[in-house]
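For the record, the sequence lines run as chains Z and G.
So for the first sequence, my numbering puts the first residue at 1; every next one is plus one.
So for the second sequence, my numbering puts the first residue at 322; every next one is plus one.
Ideal placement from N, C-alpha and C gives every residue a C-beta, glycine not left out.
The next block holds one structure in the form of structure tokens; read it before the comments.
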Amino acid sequence: MEMEKPQKKQVLLFYCMEAQDLARKIAAQSDHIQLQSINWRSFDDGFPNLFINNAQDIRGHHVSFLASFSSPAVIFEQLSVIFALPRLFVASFTLVLPFFPTGSFERMEEEGDVATAFTMARILSNIPISRGGPTSLVIYDIHALQERFYFGDNVLPCFETGIPLLKQRLHQLADSDNIVIAFPDDGAWKRFHKQLDHFPMVVCAKVREGDKRIVRLKEGNPTGYHVVIVDDLVQSGGTLIECQKVLAAHGATKVSAYVTHAVFPKNSWERFVHKNGDDSNKAFAYFWITDSCSPTVKNIENKAPFEVLSLAGSIADALQI
Amino acid sequence: MNCTLSGAIRNVKNKGSKDYLPKPLWESKLRNWNNGKCVFPLLSTTHARLSGKVKKGNHYYQSHLHLREAFHNRKTRIYHQKTRESGEYLPNRRHQMAASPAPPPPSLPYTNKPLIKTATALFHSSFHRQRFLSRNRARIQCEQSGFENGSHHHHQQQQQLQWTVDCVAGSDPIHIILKPPAATASPMPMNSGLKSSKKVCLFYAAEMEALAKRIAAQSDAIELRSINWRKFEDGFPNLSIPNAHGIRGEHVAFLASFSSPGVIFEQLSISYALPKLFISSFTLVLPFFPTGTSERMEDEGDIATAFTLARFLSNIPISRGGPTSVVIYDIHALQISIAFPDDGAWKRFHKQLQHFPVIICAKVREGDQRIVRIKEGDPKGRHVVIVDDLVQSGGTLIECQKVLAKHGAKKVSAYVTHGVFPKRSWERFTHDTGGHPDSGLTFFWITDSCPLTVKEVKNKAPFEVLSLASSIAATLQI
């Protein structure tokens with residue numbers, strides 16, 4: 001006895017300027033998703049001057065906003081839209097924030113450390129409710145597992161992951177039966193091992209030797225395999241490079257990487273790019289990322305070894321929830 | 322129902338506070354507030370969008386609804402922040418009743434209490450002091466320690482204004498208006514002698530450092546504290562509050578400045594973090610509340626970013642001292658649909674400056690153009706001071722200045738609380754050294770609410786900066 005799946009709902013998708021490409025891809029995935037526009041201008045004093053086009057027409061529709069908080073400066077204008085949309089008599093409101101920033105470096109170690117991730121979660125928890133109830137908040141591979149508890153009851157967080165995209169891609173590889181998944185640290189293992197448990201696994205760890213921290217193999221054996229390092233995000237890339245060296249030293253035939261969020265501050269992706277005719281720098285055979293961090297993705301889309309696995313399909317499905 | 326006053330307010334003894342507010346409003350507050358003490362200083366004007374659109378339970382906005390109703394009937398008065406030192410309200414403040422009875426009190430807890438102060442208190446209080454003092458035969462001398470530029474200006478105005486002016490440092494041309502002594506006290510020292518001044522730890526945004534230092538100089542009870550403002554590689558803030566244990570049990574304040582959207586997030590993080598560190602009370606001092614200034618909600622689809630900012634502030638967590646007190650100067654109110662900007666300025670300020678003859682300008686439409694005309698009053702032969710809450714491009718001020726000069730004003734000056742001046746628009750204002758009011762201003766007074774502007778104009782005539790430091794220092798004692 002099967003449950004009838006509810007009818008697909010029509011969704012109006014607004015988006016921030018930097019995520020325009022991703023928004024287009026999402027709309028292309030489904031007839032039920034329609035792009036809408038916003039006028040993003042500024043006043044002379046630098047503050048945003050925003051206007052939602054045909055605000056009256058969205059009444060009674062399911063509305064969604066694709067946000068991208070790549071830096072503190074762009075947060076305010078997007079939040080103004082996010083706070084305004086639910087109050088325009090929409091049937092429901094979903095905020096899609098593929099990459100939840102700020103949590104990645106912070107450790108609350110002492111009293112006095114300020115958790116900006118908490119600030120962000122607080123702000124998002126205060127999105128007004130719409131006629132459809134609390135706002136749904138779609139986030140991919142949130143970095144700190146405990147951040148899910150930061151959100152208040154007025155939002156419904158929906159934690160998604162980009163791992164299925166990786167699995168799909170791995171199946172397409174010629175050597176798909178020769179793959180081993182490596183995790184750069186225990187945190188990554190905790191996050192992902194259940195989704196990848198049909199692959200053999202290797203876990204690395206950072207250990208302290210005197211003054212230095214070096215990466216060591218903790219469990220598993222990469223010898224003779226194509227090893228894929230999996231993590232949720234990459235910043236400077238230092239950890240990945242260390243892992244790759246250790247894996248190669250232990251006999252991995254090829255090393256690739258997958259991260260959901262390619263943050264790469266200050267263009268740190270440059271150290272991974274294959275330079276033409278220079279074999280020595282082909283440390284990574286493939287480097288898969290998603291298009292969650294739009295500004296970076298634009299820069300590296302077509303540069304080997306980077307390949308972008310788009311979240312568009314996954315987001316289009318999430319909008320039907 | 323669970324409304325509590327902030328701890329700070331509980332400390333204030335309100336002598337004669339009943340004279341402070343129109344009765345219906347005051348009584349409705351009594352019903353709400355636990356200990357019946359009512360310092361709630363309310364502002365003359367509200368952000369029209371805010372009062373219209375915020376959820377009912379939020380007390381700040383509810384109270385402004387009262388005012389807004391009353392205000393349209395022109396029966397409300399502008400209230401000044403009562404200061405402990407003065408111990409009384411400024412004279413000739415007789416309040417008329419609000420025309421309409423106050424709406425029922427809010428039923429939900431509110432989180433933060435904004436204190437909307439008006440910086441024209443700086444002017445107003447000075448003028449009043451002159452009258453008060455002359456009645457009591459006390460005089461305050463004008464000290465001009467080491468200040469070259471402005472001294473001759475002030476001597477000219479000595480007879481009329483009786484300001485007490487001092488400077489932070491010999492070379493820093495920022496005016497600090499000091500409070501007058503109480504009637505029985507001897508000529509006052511820099512620190513007004515407060516009976517039970519409460520010690521306040523003052524944190525501040527990086528761009529507000531100069532003003533924070535001036536505030537701390539006003540009182541021994543205010544102590545500056547630092548914050549580590551760093552950034553991660555990805556541009557997000559990496560913040561920490563050194564010696565967080567040391568502020569437990571203390572009254573804490575944060576001096577913020579939202580000069581551009583990029584700096585909001587880090588300051589907001591601090592505002593959200595501080596109240597949770599077991600402090601006694603938390604006050605957010607935001608001299609200039611931005612974003613409201615150019616917006617008009619005309620169509621559905623217009624987004625009021627001021628509302629967004631107000632939401633952020635309303636969600637500052639509660640501390641042991643109760644809801645956060647939020648201090649804002651001369652919040653820019655946008656009249657809903659009918660008033661012109663210049664009528665707006667009149668509404669905001671005229672009651673505070675009513676012992677001066679008043680001139681009101683208005684923009685009128687002539688064909689396709691809008692030009693400034695004088696609506697009431699006569700500037701002939703006088704030194705006219707144009708008063709407004711803020712200045713952006715300065716277009717309005719310049720038009721007014723020209724019209725006033727054309728009608729025979731001898732000198733024209735200007736005062737705005739907030740010198741926003743986007744894109745260096747202050748450059749259009751030149752100094753009139755005498756006799757050419759159509760081409761320049763004699764003085765252009767601004768406060769230090771917008772520190773980035775202050776840095777640029779402080780040594781350039783006709784600009785003079787009046788510091789909010791003493792006013793803020795007094796507020797922190799509430």
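Next on the checklist: Tell me the DSSP secondary structure of residue 692 of chain G in three-state form.
Outcome noted: strand
Next on the checklist: In whole angstroms, give me the CA-to-CA distance for residue 794 of chain G and residue 536 of chain G.
Outcome noted: 6 Å
Checklist entry - Name the chain G residues whose beta carbon is nearer than 9 Å to that of residue 88 of chain Z? => result 621 and 622
Item to check | Euclidean distance between Cα positions of residue 294 of chain Z and residue 19 of chain Z | outcome: 6 Å
Item to check | Rounded separation between residue 485 of chain G and residue 647 of chain G - CA only | outcome: In this prediction, residue 485 of chain G has a pLDDT of 44, which is less than 50 and means its spatial position is unreliable; nothing more can be read from the coordinates.
Checklist entry - Could you check where the alpha helix (DSSP H) with residue 337 of chain Z kicks off and where it finishes? => result One cannot answer for residue 337 of chain Z here, as it falls past the ends of chain Z, which runs 1 to 321.
Checklist entry - Between the region 627-642 of chain G and the region 776-783 of chain G, do three or more beta carbon pairs fall short of 8 Å? => result no
Item to check | Alpha-carbon spacing of residue 745 of chain G relative to residue 170 of chain Z, whole angstroms | outcome: 56 Å
Next on the checklist: Is residue 601 of chain G close to chain Z? Criterion is C-beta to C-beta, closer than 7 Å.
Outcome noted: no
Checklist entry - Of all the residues that make up the region 554-567 of chain G, which are near chain Z by a beta-carbon distance shorter than 8 Å? => result 554, 555, 556, 557, 558, 559, 560, 561, 562, 563, 564, 565 and 566
Checklist entry - Should residue 34 of chain Z and residue 12 of chain Z be called a contact, given that it needs their Cβ atoms to be closer than 7 Å? => result yes
Checklist entry - Taking only runs of the beta strand (DSSP E) that begin and end inside the region 170-217 of chain Z, which ones reach a length of at least 3 residues, in chain order? => result 179-183 and 201-209
Next on the checklist: Using the three-state DSSP reduction, which class does residue 243 of chain Z fall into: helix, strand or coil?
Outcome noted: helix
Item to check | residue 551 of chain G in three-state terms, based on DSSP | outcome: strand
Checklist entry - On the premise that residue 682 of chain G lies in contact with residue 288 of chain G, defined as a C-beta separation below 8 Å, what is that separation, rounded to the nearest angstrom? => result Since the first and last residues shown for chain G are 322 and 799, residue 288 of chain G lies out of range.
Item to check | Buried/exposed call for residue 168 of chain Z, threshold 16 Cβ in 10 Å | outcome: exposed
Checklist entry - What's the call for residue 17 of chain Z, buried or exposed, on a 16-neighbour Cβ count within 10 Å? => result exposed
Checklist entry - Applying the criterion that 16 or more other CB atoms from any shown protein chain within 10 Å of the CB defines a buried residue, is residue 191 of chain Z buried or exposed? => result buried
Next on the checklist: Under 7 Å, Cβ to Cβ, is there at least one residue of chain Z near residue 577 of chain G?
Outcome noted: no
Checklist entry - Is the Cβ of residue 611 of chain G closer than 7 Å to any Cβ of chain Z? => result yes
Checklist entry - Could one say the Cβ of residue 239 of chain Z lies closer than 7 Å to chain G's Cβ atoms, at least one of them? => result no
Checklist entry - For the region 689-720 of chain G, which residues have a beta carbon sitting closer than 9 Å to at least one beta carbon of chain Z? => result 713 and 714
Checklist entry - Beta carbon of residue 14 of chain Z, beta carbon of residue 623 of chain G: below 7 Å? => result no
Item to check | Neighbouring residues, chain G, relative to residue 56 of chain Z (Cβ below 8 Å) | outcome: 621 and 622
Next on the checklist: Closest to residue 307 of chain Z by C-alpha separation, out of Z/289, Z/316, Z/314 and Z/299, would be which residue?
Outcome noted: Z/289
Checklist entry - Cβ of residue 793 of chain G less than 7 Å from any chain Z Cβ? => result no
Item to check | Chain-ordered neighbours of residue 53 of chain Z on chain C, where CB pairs are closer than 8 Å | outcome: Absent from the structure is chain C; the protein chains it does hold are Z and G.
Next on the checklist: Counting only beta-carbon separations shorter than 7 Å, does residue 313 of chain Z have a partner in chain G?
Outcome noted: no
Next on the checklist: Can you tell me whether residue 595 of chain G is helix, strand or coil according to DSSP?
Outcome noted: helix
Checklist entry - Cα separation between residue 90 of chain Z and residue 55 of chain Z? => result 10 Å
Next on the checklist: Please list, in chain order, the chain Z residues whose beta carbon lies closer than 8 Å to that of residue 738 of chain G.
Outcome noted: Residues of chain Z passing the Cβ test: none, with the nearest at roughly 15 Å.
Next on the checklist: So for residue 149 of chain Z, helix, strand or coil by DSSP?
Outcome noted: helix
Item to check | Close beta carbons around residue 585 of chain G, own chain, < 7 Å, minus the five adjacent residues each side | outcome: 579
Checklist entry - residue 31 of chain Z touches chain G at which residues, Cβ-Cβ below 9 Å? => result Neighbours of residue 31 of chain Z on chain G: none; closest Cβ ~26 Å, over 9 Å.
Checklist entry - Relative to the C-alpha of residue 80 of chain Z, which residue among G/581, G/557 and G/632 is closest? => result G/632
Item to check | Coarse secondary structure for residue 39 of chain Z, derived from DSSP in three states | outcome: strand
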